[in-house]
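Take a look at the structure set out below.
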Amino acid sequence: MLVKIGEVANLTGLSHRTLRFWEQSGILKSVRLENGYRYYDPGNMARIAQISFLRRIDVPIADIKRILMSQRLAVLVEVLSAQMSKIDDQVDQLLNLKSIIMSLVSQGEQADTIDSFLGDFELLSKEHSLSISLDEKEKAVMKDHQDFSEVRLIRLPKMTFACARAISKTPEDDCWKIVNEFIVKNDCLNQPGFRHFGFNDPDPQEGKAEYGYQMWVAVNKDTIVEEPMWKIDFDGGLYAGLVTTMDVIGERWKKLWQWSMNNDEYEVDWQPNAFRLCLEECIDIITFSDPSVPFEKKQLDLLTPIKKKL
Numbered sequence: 002m003l004v005k006i007g008e009v010a011n012l013t014g015l016s017h018r019t020l021r022f023w024e025q026s027g028i029l030k031s032v033r034l035e036n037g038y039r040y041y042d043p044g045n046m047a048r049i050a051q052i053s054f055l056r057r058i059d060v061p062i063a064d065i066k067r068i069l070m071s072q073r074l075a076v077l078v079e080v081l082s083a084q085m086s087k088i089d090d091q092v093d094q095l096l097n098l099k100s101i102i103m104s105l106v107s108q109g110e111q112a113d114t115i116d117s118f119l120g121d122f123e124l125l126s127k128e129h130s131l132s133i134s135l136d137e138k139e140k141a142v143m144k145d146h147q148d149f150s151e152v153r154l155i156r157l158p159k160m161t162f163a164c165a166r167a168i169s170k171t172p173e174d175d176c177w178k179i180v181n182e183f184i185v186k187n188d189c190l191n192q193p194g195f196r197h198f199g200f201n202d203p204d205p206q207e208g209k210a211e212y213g214y215q216m217w218v219a220v221n222k223d224t225i226v227e228e229p230m231w232k233i234d235f236d237g238g239l240y241a242g243l244v245t246t247m248d249v250i251g252e253r254w255k256k257l258w259q260w261s262m263n264n265d266e267y268e269v270d271w272q273p274n275a276f277r278l279c280l281e282e283c284i285d286i287i288t289f290s291d292p293s294v295p296f297e298k299k300q301l302d303l304l305t306p307i308k309k310k311l
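Numbering (my numbering), first residue to last: 2 to 311.
Set out below in structure tokens:
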């Protein structure tokens, strides 16, 4: 029995975007009937369950592809063993940190002042055989797939945008149809300063097939923008940026958000009313919109609004 993509989304809580992404990644296949809808056969329904499980235990898409393409149990065991090693490292790091904190709590109850207590921290560590220092802990965490050296600070300039929004089961595609027509009509690709951004609006929600997506295209202030599109003035500002390809976009957003939430110097500057939002900038719209280009070759800049901590 074939199951339509919308029914799959309702049954699993997965968005149409996620299912299409898995297809583009080569780990899932659908068939299109005369009505134009995607359908999944029993074999691919089973595969959806397998992929969902592997993603829930944080196996990257690239490794899932290796597992499913090889159909070898040895590859699955290898990937899961590597995943277990990562978890073991994280557990060791947390246990070491817990040991340090427990010792500090115990000694702190007997200390006279904060200065004298913290001044004796190195001695306390040696006395309690705490082999990992705070600096070493930070380095270990960074090494454990948290190398944030790729995160860049980007200052976006003031811009005027022509905007479009779609809410549907395929909002990126539906929004792109509106925006692409505008781009072609106004020859935007050949205009100086062309830029293209997008973001979820609203975000996908578990159990709901529909969600929203909004796109912004940089235009001149005097460009005429007709409904259903509208125009906004964007003040720009400071952002943390991370490059991604579509096959690892979930992992990359997670990494950027971890950087933003744990940085010592900067913090998230979330102001929706001032258009300070998390954005996806498409640097090469021609390549990105080409259906023959695989997802792993389609590149975006992920951007999170930030500001200096006070």
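Quick reminder that beta carbons are idealized off the backbone N, C-alpha and C, glycines included.
In the structure shown, lysine 232 falls within a strand segment according to DSSP collapsed to helix, strand and coil. Counting C-beta atoms within 10 angstroms of its own C-beta, glutamine 215 has 16 or more neighbours from the protein chains shown and is therefore classed as buried.
Around the beta carbon of isoleucine 115, fewer than 16 other beta carbons sit within 10 angstroms, so the residue counts as exposed.
Your pair valine 76 and isoleucine 68 checks out as a contact, with CB atoms roughly 5 Å apart and the cut at 8 Å. Cβ contact annotation for arginine 277 (same chain, cutoff 8 Å, sequence separation greater than five): Gly238, Asp270, Trp271 and Pro306, in chain order.
The C-alpha of glutamate 281 lies about 32 Å from the C-alpha of methionine 85. Counting along the chain, no alpha helix (DSSP H) covers proline 205, and no H or E run does either. In this structure, the beta-carbon distance from lysine 159 to aspartate 236 falls below 7 Å. DSSP places isoleucine 286 in the helix class (H, G or I) of the three-state scheme.
Here isoleucine 155 carries a strand assignment [DSSP, helix/strand/coil]. DSSP places glycine 237 outside both helix and strand once states are collapsed to three, so it counts as coil. In the three-state scheme derived from DSSP, where H, G and I count as helix and E and B as strand, serine 26 is classed as coil.
According to the DSSP assignment, tryptophan 258 belongs to the alpha helix (DSSP H) that extends over 250-263. Taken through DSSP and simplified to helix, strand or coil, glycine 109 comes out as helix. Glutamate 297 and lysine 66 have their C-alpha atoms some 12 Å from each other. Our two residues, serine 53 and glutamine 108, have alpha carbons roughly 46 Å apart in a direct line. In the structure shown, isoleucine 307 falls within a strand segment according to DSSP collapsed to helix, strand and coil. Rounded to whole angstroms, the gap between the alpha carbons of isoleucine 287 and serine 100 is 54 Å. Taking every protein chain shown into account, the CB of leucine 243 has 16 or more other CB atoms within 10 angstroms, so this residue is buried. If the five residues before and after threonine 224 are omitted, its C-beta is found closer than 8 Å to the C-beta atoms of Thr161, Ala163, Asn187 and Lys232, all from its own chain and listed in chain order.
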